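Worksheet: one structure, shown below.
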Amino acid sequence: MPTPKTKVSFKEQMHQAREDAILQATCRLLGEKSFDVMTMDDVANAVGIAKASLYKHFASKEDLCCAAMVQILGRVRAYLDTLPAEMPPQDKLQDLVRWSLERLITNEMPLLPSRNSSLRAVLMASRQYLDGLVAVSDQIGQWITEAQAQGLINPALPPLVVLYTLFARACDPVVGFLKEGGQYSDAEIVDLVVRTCFDGLAAR
1 MPTPKTKVSF
11 KEQMHQARED
21 AILQATCRLL
31 GEKSFDVMTM
41 DDVANAVGIA
51 KASLYKHFAS
61 KEDLCCAAMV
71 QILGRVRAYL
81 DTLPAEMPPQ
91 DKLQDLVRWS
101 LERLITNEMP
111 LLPSRNSSLR
121 AVLMASRQYL
131 DGLVAVSDQI
141 GQWITEAQAQ
151 GLINPALPPL
161 VVLYTLFARA
171 CDPVVGFLKE
181 GGQYSDAEIV
191 DLVVRTCFDG
201 LAAR
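Numbers 1 to 204, taken from the working numbering, label the letters of the sequence shown in order.
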């Protein structure tokens, strides 16, 4: 006989809904302000709850932001799973970069923490985060090596360099500079950054 599903209480549902709202607000604020500038007061105000309520969910800013980064990795993995298996590897990489830039331009993609940020130490100590990062990196790395074998990406470049270059597009300051300039639409900015990333700057 199938095991009956455990009924979730209304209180638990509300707790989870509030936690989801906290993580969503945190991801947006990390995109707008970065970890070192963002405060717990910012998050509480964005969600519309008391800071004491926020601490019922997360013991510290580091724990909160780590959970947000784990959630983002989950979203990346879910997006990768939607790409058709028959799609050429370079097209998959371009679609991923485009998707990341679209999240970045609307402040949905947290900026990567600096090397001396306390968040980086927390992330490196999180098994859940590291497992997610390895899974995403392995999948992207496979597409990179396939694209290099097909001559679509320079095979002289170490795959790790290509991987980090693509990761860096998710926090590319060029996006913000172009958006502030007001000369291009969001779609045009995304297209321009994708083109410079994959086509380079050399004349053909």
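Just so you know, even glycine gets a beta-carbon here, dropped at the ideal spot from N, CA and C.
Quick caveat, the model's predicted, so the values are computed rather than measured.
- request: Classify PRO158 as helix, strand or coil using the three-state DSSP reduction.
  value: coil
- prompt: Buried or exposed: where does GLY69 fall if 16 or more other Cβ atoms within 10 Å of its Cβ makes it buried?
  reply: Rather than Gly, the amino acid found at residue 69 in this sequence is Met. Buried is the call here.
task: Taking 8 Å as the cut-off, decide whether the C-beta atoms of ARG98 and VAL162 are in contact.
output: no
task: Name the two residues that bound the continuous alpha helix (DSSP H) containing PHE198.
output: 186 to 199
task: Determine the burial state of ASP36: buried for a count of at least 16 other Cβ atoms within 10 Å of its Cβ, exposed for fewer.
output: exposed
field: CB-CB length for TRP143 against LEU93, believed under 8 Å
entry: 5 Å
message: Closer than 8 Å is the cut-off here; do at least three beta carbon pairs connect the region 24 to 33 with the region 101 to 110?
response: yes
query: Excluding the five sequence neighbours on either side, which residues of its own chain have a C-beta within less than 7 Å of the C-beta of ILE153, listed in chain order?
result: GLN90, ILE144, ALA147, VAL162
query: Since SER100 and ARG195 are thought to touch, with beta carbons under 8 Å apart, how far apart are those beta carbons, to the nearest angstrom?
result: That pair is no contact at about 15 Å.
query: Who are the near neighbours of ALA21 in its chain, counting only those whose CB is closer than 8 Å to its CB and skipping five residues on each side?
result: VAL47
message: Under 8 Å, with one C-beta from each stretch per pair, do the region 7 to 26 and the region 42 to 58 reach the 3-pair mark?
response: yes
- request: Tell me whether MET14 is buried or exposed, calling it buried when 16 or more other Cβ atoms sit within 10 Å of its Cβ.
  value: exposed
task: Would you kindly report the start and end of the unbroken alpha helix (DSSP H) that includes GLY48?
output: Taken as a continuous stretch (DSSP letters only), GLY48 belongs to no alpha helix (DSSP H), as it is neither H nor E.
query: At which residues does the alpha helix (DSSP H) containing ARG103 begin and terminate?
result: 89 to 105
query: In terms of residues, what are the limits of the alpha helix (DSSP H) holding ILE140?
result: 127 to 149
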